[in-house]
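2 protein chains.
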Amino acid sequence: MGVTKTDLFTEEQNELASVAKVLANPARIAILHHLFRANACINSDLVQELGLAQATISQHLRELKGIGLVQGTIEGVSMSYCINASRWTEIKGLFNTLFDQYGLASKEDCC
Amino acid sequence: MGVTKTDLFTEEQNELASVAKVLANPARIAILHHLFRANACINSDLVQELGLAQATISQHLRELKGIGLVQGTIEGVSMSYCINASRWTEIKGLFNTLFDQYGLASKEDCC
DNA sequence: CTTATTCATCGTAATATTGCAATGAAGCAA
DNA sequence: TTGCTTCATTGCAATATTACGATGAATAAG
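Top line first, the protein sequences correspond to chains A and B.
Quick note: to get this note's numbering, add 298 to the position in the first sequence (first position is 1).
Quick note: to get this note's numbering, add 298 to the position in the second sequence (first position is 1).
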């Protein structure tokens, strides 16, 4: 198969899973790190920084744009990418909702 | 290819990515939801709750155990699963480290 | 116009993931 | 023992993902 049965789960569960899927690659995490390390927006000399081919970086950026985490604007001949702050906060909240759900009821390992 | 080039990235980036990969499936999110909704430990009538085959649930539980998020003990003929509280906190911290890194430098969208 | 640079997209090969039926191991009941 | 239940594991088919080279569009320089 290889296809996830999204129809069995809630919208929240599916959204969290699909956002996690975008984060589930070290290259994309590294791109995010570079984007907020350079507090100005960096264009794709990400290709220089990370050791991946230009096509690969471009593909990862597309996925990050796909969930709205990253934005890009044309800067003459090159592209300027940056993090979408509001979406960042939103996604942070998504994970916090998951992580804070546990710890309210039981505090001890039960098995 | 289909293989991730982990050698290009830091250990932290790789760990975060591999934890995110485990969360990147709605069935596994749903399993976690069930595990802390039943504040006692539930055995695998998860098969009843979710609409997936027993083999599929078992495989997902194995991946959750793989990153230490979930523990299981034998309860007679059945299995009792629960969340590992300390690992849970640890992983929560992993994500918070990522999410809190941004927002310190720039507050505005820059492009 | 010609050339170079920057990036996105397409096509492809290698692998990974997902979900399931079938099988097997282990415990318990009769 | 025989049968029943509960899980884990194996083996498979159908996708999905990852990374790359090649190509093409767009802009700027000469």
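Glycine is no exception: its CB is placed at the ideal position from the N, C-alpha and C atoms.
Short CB-CB distance (under 8 Å) between residue i and chain B
{"i": "Gln311 of chain A", "result": "yes"}
{"i": "Ala315 of chain A", "result": "yes"}
{"i": "Ala351 of chain A", "result": "no"}
{"i": "Gln346 of chain A", "result": "no"}
{"i": "Thr270 of chain A", "result": "Outside the modelled stretch of chain A, which goes from 299 to 409, sits residue 270 of chain A, for which no answer is possible."}
Exposed unless 16 or more other CB atoms sit within 10 angstroms - verdict on residue i
{"i": "Val368 of chain A", "result": "buried"}
{"i": "Gln311 of chain B", "result": "buried"}
{"i": "Val375 of chain A", "result": "exposed"}
Closest by C-alpha distance to residue i, when choosing among the options
{"i": "Ala325 of chain B", "options": "B:Ala353, B:Val301 and B:Gln311", "result": "B:Ala353"}
{"i": "Glu373 of chain B", "options": "B:Gly300, B:Glu310, B:Val317 and B:Cys339", "result": "B:Cys339"}
{"i": "Leu306 of chain B", "options": "A:Asp398, A:Gln346 and A:Leu321", "result": "A:Gln346"}
{"i": "Ile389 of chain A", "options": "A:Ala315, A:Ser356, A:Met299 and A:Gln357", "result": "A:Ala315"}
{"i": "Tyr400 of chain A", "options": "B:Val317, B:Gly349, B:His331 and B:Glu309", "result": "B:His331"}
{"i": "Ala336 of chain A", "options": "A:Tyr379, A:Val317 and A:Ile355", "result": "A:Tyr379"}
{"i": "Met377 of chain B", "options": "B:Asn323, B:Ile355, B:Ala322 and B:Leu348", "result": "B:Ile355"}
{"i": "Thr308 of chain A", "options": "B:Gly349, B:Ala383 and B:Leu362", "result": "B:Gly349"}
Backbone CA spacing between residue i and residue j [nearest angstrom]
{"i": "Gly364 of chain B", "j": "Thr371 of chain A", "result": "40 Å"}
{"i": "Trp386 of chain A", "j": "Gly366 of chain A", "result": "8 Å"}
{"i": "Ser342 of chain A", "j": "Glu313 of chain B", "result": "24 Å"}
{"i": "Ala328 of chain B", "j": "Leu396 of chain A", "result": "11 Å"}
{"i": "Ala351 of chain B", "j": "Val301 of chain B", "result": "28 Å"}
{"i": "Gln357 of chain B", "j": "Val320 of chain B", "result": "12 Å"}
{"i": "Leu392 of chain A", "j": "Met299 of chain B", "result": "32 Å"}
{"i": "Ala322 of chain A", "j": "Ile381 of chain A", "result": "17 Å"}
{"i": "Asn394 of chain A", "j": "Leu333 of chain B", "result": "17 Å"}
{"i": "Asp398 of chain B", "j": "Ala318 of chain B", "result": "17 Å"}
{"i": "Leu344 of chain B", "j": "Ser384 of chain B", "result": "23 Å"}
{"i": "Leu362 of chain A", "j": "Glu361 of chain B", "result": "25 Å"}
Within-8 Å CB hit, residue i to chain A
{"i": "Leu362 of chain B", "result": "no"}
{"i": "Ile327 of chain B", "result": "yes"}
{"i": "Gln399 of chain B", "result": "yes"}
{"i": "Cys321 of chain B", "result": "What sits at residue 321 of chain B in the sequence shown is Leu, not Cys. Yes, Leu321 of chain B counts as interfacial toward chain A."}
| Residues, ordered as in the chain, of the segment 381-393 of chain A that lie near chain B by beta-carbon distance below 7 Å | Ile381, Asn382, Ala383, Trp386, Lys390 and Phe393
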